[in-house]
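> Take this structure first; my questions come after.
2 protein chains.
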Amino acid sequence: MPKPEILDPQGKAVAAALSRLGFGQFAGVRQGKRFELEVDGDVTDEVLAAAREAGEQVLSNPVIEDVVAVYADEQVPA
Amino acid sequence: MPKPEILDPQGKAVAAALSRLGFGQFAGVRQGKRFELEVDGDVTDEVLAAAREAGEQVLSNPVIEDVVAVYADEQVPA
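Here it is as structure tokens:
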């Protein structure tokens, strides 16, 4: 996700649109990238660590983005 | 996230790059959008339902995208 200190005009535009369309309960919106990394076999701690490392080294720009929410599918409601 | 049946050349390119850069444990990659919706107060079931509805009606293209993983921040490891 964009680092908190980074200006997010896209997020601001989406927040305004949500409010106009009747979703007034959201005070702010931030938009970023989401990756699903498929593995053969179990999602072990090592796999999660490798996913975080791939996120930090390859899938994001560390200058403006933070890697957040690295988790196995079953840890989160679908 | 892109629907499973939708061709995801971006995801394929990222998967190939990960493999070249030594992250061989990932069999596939899919890339989509992630939104953080900020609310004042608690994240109730009603708020999560509104977030899913906003995702389905405003934040995604229902023809090619599915809304997945609607959750409160504290439900997932940081």
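Respectively, the protein sequence lines represent chains B and R.
Per the UniProt record's numbering, the very first residue in the first sequence carries number 1; after that it's consecutive.
Per the UniProt record's numbering, the very first residue in the second sequence carries number 1; after that it's consecutive.
Glycine included, each C-beta is placed from N, C-alpha and C at the ideal position.
Bear in mind the structure is a predicted one, so any value in this text is a computation, not a measurement.
1) Are Ala-15 (chain R) and Gly-32 (chain R) touching if we call contact CB-CB under 8 Å?
2) Nearest to residue 102 (chain R) by CA position, among R:Asp-40, R:Lys-3 and R:Leu-48, is which residue?
3) Mind listing the chain C neighbours of Lys-33 (chain R)? Cutoff is C-beta to C-beta under 9 Å, in chain order.
4) If we ignore side chains and look at the alpha-carbon of each, how far apart do Met-1 (chain B) and Arg-30 (chain B) end up?
5) Just the C-alpha distance for Asp-8 (chain B) and Ser-19 (chain R), rounded to the nearest angstrom, thanks.
6) Can you round the beta-carbon distance between Phe-26 (chain R) and Leu-37 (chain B) to whole angstroms, since I take them to be within the 8 Å contact cut?
7) Buried or exposed for Val-70 (chain B), going by 16 or more other Cβ atoms inside 10 Å?
8) Is the beta carbon of Glu-65 (chain B) sitting closer than 8 Å to the one on Lys-3 (chain B)?
9) Chain R beta carbons: is any one of them nearer than 8 Å to that of Gln-25 (chain B)?
10) How many Å lie between Glu-5 (chain R) and Gly-11 (chain R) at the Cα?
On the basis of the data shown:
1) no
2) For residue 102 (chain R) there is no data in the structure shown, the boundaries of chain R being 1 and 78.
3) Judged by its chain identifiers, the structure shown contains no chain C, and its protein chains are B and R.
4) 8 Å
5) 31 Å
6) 5 Å
7) buried
8) yes
9) yes
10) 13 Å
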